[in-house]
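Undergrad: Protein chains in written order, with my numbering: chain A, -1 to 522; chain B, 222 to 733.
Backbone N, C-alpha and C fix where the C-beta goes; we use that ideal spot for every residue, glycine too.
Sending over a structure as structure tokens; questions will come in a sec.
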Amino acid sequence: MSSFENGWALTLIVFLPAVGAAAVLAIPKAQEEAQKWTALLFAGVSFVLSVIVAFQFDYGAAQTIQFGPDSTLTWIGAINSNYSIGVDGICLPLLVLSTSMAVLSIIDSWNHWPEPHNPKVFSALILVLATGMNGTFVALDLILFFVFFEVVLLPMYFMIGIWGDRNKITVPVIGLETEMRLYAAIKFFLFTLFGSAFMLLGFLALYFKSGLETFSMLDLSGGVAERGLEGLAVWVFAALFLGFAVKVPMFPFHTWLPDAHTAAPTVGSVLLAAILLKLGTYAFVRIAIPIMPEQSQNWAPVIGILAVIGIIYASLACLAQSDMKRLIAFSSVGHMGFVMLGIATLTDIGINAAIIGMVAHGIITGLLFFLAGSMSHRYHTREMARLGGNQKLLPIMGGILGFTAMASLGLPGLAGFWGEFLSLLAAFNPLEGLSITLFRTLMVIGAIGTVLAAGYLLWMLQKVNFGEPSDEWLDHEMHDVDGYELAAWVPLVLATLAIGIFPKIVFGATTDAVTAMVTKVFGG
Amino acid sequence: MNVQLDFHALLPELLLTATVLGVLIVDLLPVRKQWTAVVGLVGLFAAFVPLLTLGFCESLAFCEETSVRSMFDGSYVVDTFSLVLKGLFLGSAFLAVLISAGYLERGRFWEGEYYFLLLCSVLGAVVMASSRGLVTMFVALELVTGPTFLLAGWRKGNARSNEAALKFFIVGVLSASVLLFGMSLVYGTTGELTFAGIREAIVGLELADPGFSDLPLLNIAVLFTLLGFAFKIAAVPFHVWTPDTYEGAPTPVTAYLSVVSKAAGFVGLLVLSYQAFADLRSIWGPALWILAAASMTLGNLTALRQDNIVRMLGYSSIAQGGFILAPFGAAVYSGATGAQLEDAFFATVTYLLVYAVMNLGAFAVVIAVAKRIGSVDVKDWGGLYQYAPGLAGLTLIFFFSLAGVPPLAGWFAKFVMFRSLIGIGEWSTIALAIIAAVNSVIAFVYYARVVKSAWFDPVPEDVLTGEARSAQLAPTLGLAMGIAAAMVLIVGIFPSVLSELGEMTKVFVAGF
């Protein structure tokens, strides 16, 4: 085995962006071109490497961990935690999604860095974020996973806090008046930190109380660890659930998300929606189900019900929004509801649906946030009522917006379709032992949710794109999309089409891996 | 009486004593007073070298190997545990001197005397790490504390500084008397002065008379001894002196108090609990459990309301003390195995090592910013990142490390603390772990407030004058912050660097 396949490829994919961040910070503040090119170079190399990994990946053995180091590399000997990384079919699509979004984010912001400018620190933050995201998808050790999972918090906190929305709001409950960005940044961090503190306690309980004394996800999986936990298992699952569900976010824990999305600068919203939310759902697939299959079955109805509540609640909330970005943010909650419904069925179809749903949501909602950002850059408002007639003013941008909204509502032939359709299909026939009545009811309610989703997205299109432009824009000179925006968006449009028409791009990697996992933990 | 001295083992103490005298002599010479700081730094560095030769004795040709370097009938012992902690004290003192240098020069304080007293206190801490008897420990503790009463009042013309010194002195004397009272009872019941002897005596008495360890007298003896240390480590409810003293004392002294002096208290607590009172865990386990829970909760909740950053760091250090104490709570469970107690001991030592670096770093940043803008009010730190991005970056590193955010060193300290509690896995320790988890979230709020102010807020109009903008950092302060920041980052990403040291100290509890 070459050293490329032997851990080095993944290590470079994960840590090159961090090196790039240090390099960018070392460049003097005035040399903005050099900073941008350095950032793009490091993110780009990381992306190219991930594509090479995707091509060299052995799809015939998608269920086995590949590209990991041969021998055990000790990371922290005292606590028995190892530097164990690798990809299988489940995380490969997400890894490529993550590396590509980092590159596209840098390209998109090339000529319009959000206020207060400072591309140096901003691009360094994107790169640190990339390290955290890529690392989470390849980590196979619980503690390594935890550290990467947390590393993403800091850059996002600063992105929202420095470059975020400066409008004044009144904080609910306390009644304090402050700027949107400050409130959203701390809320985002506190919610996630609260969840992950308990997640960490759960990991520790798995280590000690399972009797296995290991943090390796592979060694703990298959139910061995869970049986060791005995009566504690339900609490351990509750701790993990809290950590993951906040990140997803699932229904009662979702309140940080609309604020964070609305306040964040464009790139922040894009990466938050496209990648950060996936860390939670990915953790359910990678950690919660394989390690605790029995509790997963006990909790599946709860997860399913919360997921469906999320779908309906988010749809209704969308219909009540006047802010375009906030509407897209709430639609994320709904889409993640479909992903979680797929996961809750615990079947191979459902989990496959969840993964393709994650990838599709990453691409489509990422694009929607790019669009919302570019539009508010031009109109200086996100009020949908004032944006009417966009199609006439900015035809290309309006066209892409129309296309993306169609993809987001799950139009067959585009990427968004597969996740929603298959997770509803899976809910028709959940894992043996789960209540069929309940899941079929959930399926029906979820299907109503897809109608509502079509409703609010079309309503948004109608308000934003159609009609006559308001008089207030007459004196403004409007530029349609520029080259940088096209360079960032066209790949996403093409990916939406490609996955929609040919979902095997994702399923080719995931199907075998998911089937093997489900067979292993639930005995077929 | 065996008075054979192992000079190799005593070399750090001897070199430090020589340095103390050296500072006094240089202070008399007609040279610039900064040379006293240089002598102090060189002396601290020199005293560090024998720690290495002692630690790696087996691989050195000239080193005469002895299994345990024990002196004065076992009341002075040099083992790996004491070596690691001496390293902590010397390293922290090195940073503290670096932090002090610019501050003293600028404020026109007396320098020679300052370093003399500081180094005397460090000598006490170093002796503390080897003390294995009631008398040596008491002498060491007083040597640590005595000079700091004076240092706290170093801003002579300032009423707050005087108040700080006076409060500190009164509480210090009170705690010393509580400690002495407890120690006299321990001696009275067991008839032994060394900790090893006390432990044996307790086992023997329990054998001869089952139920002996339930005697109220013994309970009072143990609790008073430990409570004497509770004042030193500022555990709630013995913390009331801390905020005023921390705020009033010169900030470098506060940094020293919150790290070296506090760590010395913890060392005493560790040695007494895990050696002398090793078989009385049923007495001190619950007591320290309560102190840990109270310290972290009260410290954090009060810190939330502080606008003065030094005062906030004061309450934060009370809360951090609670986290450091938490692994002691593992002893609540009477069935804890030797390996589990080793983990608890390891967790406390590791947390202490990490805490020392990040807290010193945080204080160094406070001193640096206070020099720029002349204020330690959190509101006045607004927009720091716009005119001093380097200091804003360091603020981020140290304050988020204190909050325990990966990949900064603080996460590993919190992690091993949780690990020791969950490892026991009884309801009482899990409850403490949950209290600690909730507290780490609360703590984040006030640490983030400082970072928020420095990075997100606009520059307040009335704070920054033209003079402040151009103020230069003292190079020594810059060096101290650089060292601390590098260590926080390295330990955060490669915790093994530090956990190896923690592992070495486990030998201390290997006898369980």
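(1) Going by beta carbon distance, what residues of the same chain come within less than 7 Å of B:E234, once the five residues before and after it are set aside?
(2) Work out the CA separation of A:I74 and B:S717 for me, nearest whole Å.
(3) With three or more C-beta pairs closer than 8 Å as the rule, is the region 298 to 309 of chain B touching the region 351 to 362 of chain B?
(4) Just checking, does the region 503 to 521 of chain A make contact with the region 251 to 260 of chain B on the three C-beta pairs under 8 Å criterion?
(5) Within its chain, find whatever has a CB closer than 6 Å to the CB of B:M222; leave out the 5 residues flanking it on each side and keep chain order.
(6) Looking only at its own chain, which residues have a Cβ that is under 8 Å from the Cβ of B:V247, when we skip the five neighbours before and after it?
(7) Does the beta carbon of A:G159 come closer than 8 Å to any beta carbon on chain B?
(8) Is DSSP giving B:S382 helix, strand or coil here?
(9) Are there 16 or more other CB atoms within 10 angstroms of the CB of A:T363, so buried, or fewer, so exposed?
(10) Give the residues of chain A in contact with B:R640, contact being defined as C-beta atoms less than 9 Å apart.
(11) Answer with buried or exposed for A:D473, where buried requires no fewer than 16 other C-beta atoms within 10 angstroms of its C-beta.
(12) Locate the alpha helix (DSSP H) running through B:V626, then write down its first and last residues.
(13) Let me confirm a value: A:A383 is counted as buried when at least 16 other C-beta atoms fall within 10 Å, else exposed. Which label applies?
(14) Looking at the C-beta of B:A654, does it have a partner C-beta in chain A at a distance below 8 Å?
(15) Judging by CA-CA distance, which residue of B:F445, B:A397, B:I423, B:T410 is the nearest neighbour of B:G403?
(16) Helix, strand or coil, according to DSSP, for A:N80 in the structure here?
(17) Helix, strand or coil: which one does DSSP assign to B:S352?
(18) Along the chain, where does the beta strand (DSSP E) that runs through B:V299 open and close?
(19) Going by DSSP, which residues form a beta bridge with A:D321?
(20) At 4 residues or longer, and completely inside the region 454 to 518 of chain B: list those alpha helix (DSSP H) runs for me, N to C.
(21) With A:E175 as the anchor, note down where its beta strand (DSSP E) starts and where it stops.
(22) Give the residues of chain B in contact with A:L127, contact being defined as C-beta atoms less than 7 Å apart.
(23) Just to confirm, is the Cβ distance from B:F450 to B:V392 under 8 Å?
(24) With DSSP as the reference, please indicate the residues paired to A:Q64 in a beta bridge.
(25) For A:G167, return the contacting residues in chain B, with the cut-off set at a CB-CB distance below 8 Å.
(26) Quick check: the Cα distance between A:V234 and B:V570, rounded to an integer number of angstroms?
(27) Indicate whether the contact test is met: 3 or more Cβ pairs, each with one atom in the region 270 to 282 of chain A and one in the region 344 to 356 of chain A, closer than 8 Å.
(28) Measure the alpha-carbon distance for B:S661 versus A:N350 and round it to whole angstroms.
(29) I need the DSSP call for B:R670, collapsed to helix, strand or coil.
(30) Given that A:L210 touches chain B, what residues does it touch there, using C-beta distances under 7 Å?
(31) Since A:L180 meets chain B, which of its residues come closer than 9 Å, beta carbon to beta carbon?
(32) Can you list the residues of chain B that A:I83 reaches, using a CB-CB cut of under 9 Å?
(33) Identify which residue in A:A28, A:R225, A:H110, A:V150 has its Cα closest to the Cα of A:V126.
(34) Give me the chain A residues within the contact set of B:S661, using Cβ-Cβ distance strictly less than 8 Å, ordered along the chain.
TA: Quick look at the numbers:
(1) L344, V347, V348
(2) Between B:S717 and A:I74, the C-alpha separation is close to 5 Å.
(3) yes
(4) no
(5) The pLDDT assigned to B:M222 is 48, lower than 50, so where the model puts this residue is not dependable, and the model offers no usable value.
(6) Sequence-distant partners of B:V247 (beyond 5 residues in either direction) whose C-beta falls short of 8 Å from its own C-beta, in its chain, are W256, T257, V260, G333.
(7) Interface criterion met: the Cβ of A:G159 is under 8 Å from a Cβ in chain B.
(8) helix
(9) buried
(10) When 9 Å is used as the limit between beta carbons, B:R640 is near these residues of chain A: I77, L202, Y205, F206, in chain order.
(11) Burial call: exposed.
(12) Taken as a continuous stretch (DSSP letters only), B:V626 belongs to no alpha helix (DSSP H), as it is neither H nor E.
(13) exposed
(14) yes
(15) When B:F445, B:A397, B:I423, B:T410 are compared, the shortest CA-CA separation from B:G403 is found for B:F445.
(16) strand
(17) strand
(18) 297 to 299
(19) A:E381
(20) If we require 4 residues or more, the alpha helix (DSSP H) runs fully inside the region 454 to 518 of chain B come out as 463 to 469, 472 to 477, 483 to 492.
(21) 175 to 177
(22) The contacting residues do not exist; A:L127 stays about 13 Å from chain B at best.
(23) no
(24) Looking at the DSSP assignment, A:Q64 forms a beta bridge with A:V85.
(25) The question names Gly, yet the displayed sequence has Ile at residue 167 of chain A. Within chain B, no residue comes near A:I167; the closest Cβ sits about 15 Å away, beyond 8 Å.
(26) 28 Å
(27) yes
(28) A direct Cα-Cα distance of roughly 37 Å separates B:S661 from A:N350.
(29) helix
(30) In chain B, no part has a C-beta under 7 Å from the C-beta of A:L210; the shortest such distance is about 13 Å.
(31) The contacting residues are K673, F677, D678.
(32) In chain order: nothing, as chain B lies at least about 15 Å away.
(33) Minimum Cα distance to A:V126 is reached at A:V150.
(34) L191, A195
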